[in-house]
């Protein structure tokens, strides 16, 4: 039985990696993670050096975990900048750190794949990796409940966050969904959708192989513009989107907005057998309420048509409450090598968890549904 670290997925067949996945969520697929590496979106130059962990039992792969050596905290959506600053003030180095996560993807799911004994062995290996490599810490972001249980048993610190997800309660169509909302929220959504239509916008939905190279080029231009407007650098490039278009076509849904026959905006979602995941959006023209239409209402309508149970609209965003999304607690786990810092951060996390619990309670009082439908 051996545990090895891999500085990339190129030497590991996709069939072996994917055979260890417990479900069809696309973000842990070999094709998704390898596309990040092959496109250059992750790598030493971007501060995401692959350090995947693999446990073998003879020739058989028993467990794997997507892992990275990070030299910053960008693209994680679990914010630990204050921890890094505290280390710096104490004269210690917080970076590099070990991160088990899907880069740039705040979606909960498997982080340690494989048979039970192999997964437990990888959890036990993580502190040793931190010590041997001289790292400050290890972090597992957005793990599945089974992963959380393993890590909690091993004494990792638990951190909570909040996202907003939409749940399908068996709606027949979009109007059926609107009927369960409070009157003011229902009116607001209808006004926003009507405003988009009155501006001459039509939406086309493309899936899988229907998405052509011109569509990817247009979508990428929209995606980059969104980052520029926020004075930021896009994490992903056109090569990445083309690669997932080839390898993960069955998981892709692209919403394209047209105005007077020309495309003006796009929103990309991914799906599996149960959920739709809102990921990226952008627009080349300003159209009032178009963001809500492409990023929320079209996704909700798609879930209703296809019987998907949940729509994850992306990270953060209290404004989603008014559009039928509900607050959901998210988790991450953390192991710190320095004992005094571990104790201090544990105390801080306990306070933060109480604040998050209170925040969730407050959000629940403002969801968009009629009281009789809040179940």
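In our numbering, the protein residues as written are 15 to 389.
We put the beta carbon where it would ideally sit given N, CA and C, even for glycine.
Secondary structure note for residue 349: its beta strand (DSSP E) is the uninterrupted segment 340-350. CA-to-CA, the gap between residue 73 and residue 30 works out to about 11 Å. Using a 10 angstroms sphere on the CB of residue 189, the tally of other CB atoms stays under 16, which defines it as exposed. Bridge partners of residue 19 according to DSSP: 67.
By the beta-carbon neighbour count (other beta carbons within 10 angstroms, threshold 16), residue 24 is exposed. In the DSSP annotation of this structure, residue 106 is not part of any beta strand (DSSP E), being labelled neither H nor E.
Contact between residue 135 and residue 17 holds: their C-beta atoms lie close to 7 Å from each other, under 8 Å. Cβ-Cβ distances below 8 Å link residue 329 to 91, 120, 177 in the same chain, with the five nearest sequence neighbours on each side left out; the list follows chain order. If one requires a minimum length of 3 residues, the beta strand (DSSP E) runs lying completely within the region 265-308 are 266-273, 276-285, 289-297, in chain order. One thing to note: residue 180 has its Cβ within 8 Å of the Cβ of residue 324. The Cβ atoms of residue 139 and residue 50 do not sit closer than 8 Å to each other. For residue 201, there is no enclosing beta strand (DSSP E); the enclosing alpha helix (DSSP H) covers residues 197-212. Residue environment: residue 111 is assigned as buried (16 or more neighbouring CB atoms within 10 Å of its CB, all protein chains considered). In this structure, residue 127 lies away from residue 155, with their beta-carbon atoms at least 8 Å apart. Residue 53 is a Cβ neighbour of residue 257, given a cutoff of 8 Å.
DSSP, reduced to helix, strand and coil, places residue 77 within a strand of the structure shown. Residue 220: member of the beta strand (DSSP E) spanning 215-221, first to last residue. Per DSSP, residue 91 has no beta bridge partner at all. In the DSSP assignment, residue 188 falls within the unbroken alpha helix (DSSP H) covering 188-192. Three or more beta-carbon pairs separated by less than 8 Å link the region 239-251 to the region 285-299, which places the two stretches in contact.
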